[in-house]
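Visitor: There's a structure below that I have some questions on.
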Amino acid sequence: MASLLPNTADKSSSTNSSPRGSNGVDKSTVELSDMEAAPPRPPTLPVEQDLMQLARLGELRAVQRLLDAGQFTAKSTDEQGITALHWAAINGHHALCHFLIQSGADVNARGGDAQATPVLWASKRCHLQIISLLLANGADPLLRDDQGYNLLHSATLDGNVFQLILLLHQPGLSVDVPDSQGHTSLMWAAYKGFGACVDILLRWGADVHAADEMGFTALHWALVKGSYLCIQKLVEYGSDRFVRSKPTEGQTEGDTPAQTAEKMKSGRQWHKALLDSGFDEHGELMAFPIPCVKNRKTFYSRFFFLWPFVLGGLQLWMLATLPIYFGIPGVLLVGYGLQFAVQKLFRWAPLDVKTMHKTPFLAGIFAGTLFWVGVRWILDILPITYTTNPLLNFLFAVSYGMTLYFYTLTMTADPGFIPRGGSRGQTKKAIDELVEHNAFNEAHFCTTCMIRKPLRSKHCRRCGRCVARQDQ
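Position one of the sequence shown corresponds to residue 1 (our numbering), numbered consecutively onward.
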């Protein structure tokens, strides 16, 4: 571990902290040059007779003329094994790719310095239509380049969530397949700090306990990067907080995540992730102070909804009974003091109700105010005014009843939740349709709900669902 981790504060720029392939290439950054051949030399043929140049440019008719004339075939390669399909794929020429495949091009041909296939080339530029086309025509997503990456690893290194989702829905592609050094896609996403990719992989069932050849888990690599979101997600999904890596030279035992965080100066993110996930800074589970509570989220939701009833009633009583020069300061002091004390309960709260705005507290303020107004009217105002002002009391009762009804309806009615996909097959069908129309993006697909988004719909973070025709 000591030899692996850098001593400098800039972890992302250190060459020692990132996994390396057997050829010594730093895997933390895979540039396009790793896939492509060396810069092309001046062509020895006119452009109209150079198949590779025409494929780069996407000249479908010119390529078709060359193939029809018998000068080249769809499987023709240059001196590095690069085919026309490689160049068409990396440059996003969908129609040309389709033509070359129909003409017999090898979708699994290896070429270039990295000995990569056309689908790996397309992956480097996130050409989703071409990736889908190649996979549908027999491209093998498990084939690796000379650095040991398959298609899923390449997509993870790029950090494009939609490409990752497209690949995860392909049959036969395991989410936990390792590269040549034992690094899974989850480890790469954690090391690169791609929180959205980590979330997708975890929801897809990625193994948080998998370790590479050095004994590093995804949690170790997330701490090397220092990304809070990645660390928190891994802890939330059950990563071992005390697992040790394999000892390096000079060590008798490997490093735990806490020791990794200390060495990589990511202790602040580590401790915050632990606290937000219900653990103390040593990684031990914090016991809830009320033993009878079984569902913490339900408890917090109900408590903060009812809390304004108590707080509002106490403040109204103080204003009504104390002199004004004591009442107003007393109300402010009691209100802020009790609110500050209650917020200490968030120490044990689940992450989805960890802050006040994630609880029904604001809804409780309205409900509490409505409750005390009704109590005051029924007990104090109505008995002495129902004979002298019956019409005003009737109008108030109607107004109060309608307010209560519509408030309850708003709180309990379905706001228009969009049904989630029934199966992965249905989701894959929706993805394929969006890819075909070049519309597989955040405007048309929700990566949280895994559904196609109708027009004017929006994902609600509070309820975790997509809502149809929600006001923007």
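Glycine residues also receive a C-beta, built at the ideal position from the N, C-alpha and C atoms.
What are the start and end residues of the beta strand (DSSP E) that includes C466?
Guide: Looking at the DSSP string, the run of the beta strand (DSSP E) that includes C466 is R465 to V467.
Visitor: Nearest-angstrom Cα distance between D34 and G111?
Guide: The pLDDT assigned to D34 is 44, lower than 50, so where the model puts this residue is not dependable; a value taken from the coordinates is nonetheless given after this. C-alpha separation (whole angstroms): 11 Å.
Visitor: What separation, rounded to the nearest whole angstrom, lies between the Cα atoms of S174 and T117?
Guide: Going by the C-alpha atoms only, they are around 19 Å apart.
Visitor: Is the segment 220 to 233 touching the segment 188 to 196, taking contact as three or more C-beta pairs under 8 Å?
Guide: Taking 8 Å as the limit for Cβ pairs, the verdict is that the segment 188 to 196 does touch the segment 220 to 233.
Visitor: What's the C-alpha gap between P415 and T447?
Guide: Taking the straight line from one Cα to the other gives about 20 Å.
Visitor: Indicate the three-state DSSP secondary structure (helix, strand or coil) for D26 in the structure shown.
Guide: Legend: pLDDT at D26 = 44, less than 50; position of this residue unreliable, value from coordinates given subsequently. Strand, per DSSP.
Visitor: If you reduce the DSSP assignment to three classes, tell me which class R452 lands in.
Guide: In the structure shown, R452 sits in a strand (DSSP, three-state: E or B).
Visitor: Assuming K458 is part of the beta strand (DSSP E), what are its boundary residues?
Guide: Unbroken beta strand (DSSP E) run through K458: K458 to C460.
Visitor: Within its chain, find whatever has a CB closer than 6 Å to the CB of D207; leave out the 5 residues flanking it on each side and keep chain order.
Guide: So the qualifying residues of the chain are D176.
Visitor: Does the segment 337 to 350 come within contact of the segment 300 to 315, defined as at least 3 CB pairs closer than 8 Å?
Guide: The segment 337 to 350 vs the segment 300 to 315: in contact.
Visitor: If you pair each beta-carbon of the segment 262 to 281 with each one of the segment 317 to 331, do three or more pairs fall below 8 Å?
Guide: Contact fails: fewer than three Cβ-Cβ distances are below 8 Å.
Visitor: What first and last residue would you give for the alpha helix (DSSP H) that runs through L173?
Guide: Segment: none, L173 is in no alpha helix (DSSP H) and carries neither H nor E.
Visitor: According to DSSP, simplified to helix, strand and coil, what is A116?
Guide: A116 falls in the strand class under three-state DSSP.
Visitor: May I have a chain-ordered list of the alpha helix (DSSP H) segments no shorter than 4 residues that lie completely inside the segment 368 to 423?
Guide: Qualifying alpha helix (DSSP H) stretches, in chain order: 382 to 385 and 390 to 412.
Visitor: For H444, decide whether its Cβ has a neighbour in chain D, counting only Cβ atoms nearer than 8 Å.
Guide: Chain labels in this structure do not include chain D; a single protein chain is all it has.
Visitor: Is the beta carbon of Q80 less than 8 Å from the beta carbon of A114?
Guide: No.
Visitor: Where I381 and Q315 are concerned, what is the direct C-alpha to C-alpha distance, given to the nearest angstrom?
Guide: The straight-line gap from Cα to Cα measures roughly 20 Å.
Visitor: Just to confirm, are V119 and L135 a CB contact at a threshold of 8 Å?
Guide: Yes, the pair counts as a contact, with Cβ atoms nearer than the cut-off.
Visitor: Could you compute how far the alpha carbon of A258 sits from the alpha carbon of I231?
Guide: So the two alpha carbons sit approximately 12 Å from each other.
Visitor: I need the DSSP call for T260, collapsed to helix, strand or coil.
Guide: In this structure, T260 counts as helix in the three-state DSSP scheme.
Visitor: Just the C-alpha distance for A55 and L152, rounded to the nearest angstrom, thanks.
Guide: C-alpha separation (whole angstroms): 26 Å.
Visitor: Once DSSP output is grouped into helix, strand and coil, what is the label at C126?
Guide: Note: C126 maps to coil in three-state DSSP.
Visitor: Could you tell me which residues DSSP puts in a beta bridge with A211?
Guide: Bridge partners of A211: T217.
Visitor: What are the partner residues of C446, as DSSP defines its beta bridges?
Guide: Paired residue(s): I451.
Visitor: Would you mind reading off the limits of the alpha helix (DSSP H) that contains D199?
Guide: Unbroken alpha helix (DSSP H) run through D199: G195 to R203.
Visitor: Can you list, in chain order, the residues of its chain with a C-beta nearer than 6 Å to that of Y237? Leave out the 5 residues immediately preceding and following it.
Guide: Only L202 and V208 meet the Cβ criterion.
Visitor: Confirm, please, whether the CB-CB distance from D352 to K297 is below 8 Å.
Guide: Against a cut-off of 8 Å, the Cβ pair of D352 and K297 comes out as a contact.
Visitor: Is DSSP giving T184 helix, strand or coil here?
Guide: DSSP places T184 in coil when its eight states are reduced to three.
Visitor: Residue range of the alpha helix (DSSP H) that P329 falls in?
Guide: That run of the alpha helix (DSSP H) goes I324 to Q343.
Visitor: Could you tell me if E59 is buried or exposed, where buried requires 16 or more neighbouring beta carbons within 10 angstroms of its beta carbon?
Guide: So E59 ends up on the buried side.
Visitor: According to DSSP, is F440 part of a helix, a strand, or is it coil?
Guide: In the structure shown, F440 sits in coil (DSSP, three-state: anything other than H, G, I, E or B).
Visitor: If you reduce the DSSP assignment to three classes, tell me which class T252 lands in.
Guide: Here T252 sits in coil by DSSP.
Visitor: Three or more C-beta pairs under 8 Å: does that hold for the segment 153 to 173 against the segment 421 to 440?
Guide: Touching, per the Cβ criterion.
Visitor: Just tell me which of K233, M264 and T260 has its CA closest to the CA of L274.
Guide: Taking only the C-alpha atoms, the option nearest L274 is K233.
Visitor: In angstroms with no decimal places, state the Cα-to-Cα distance between R462 and K354.
Guide: Their backbone Cα atoms lie some 12 Å apart in a straight line.
Visitor: Tell me where the alpha helix (DSSP H) around M286 begins and ends.
Guide: M286 -> no alpha helix (DSSP H), and no H or E assigned at all.
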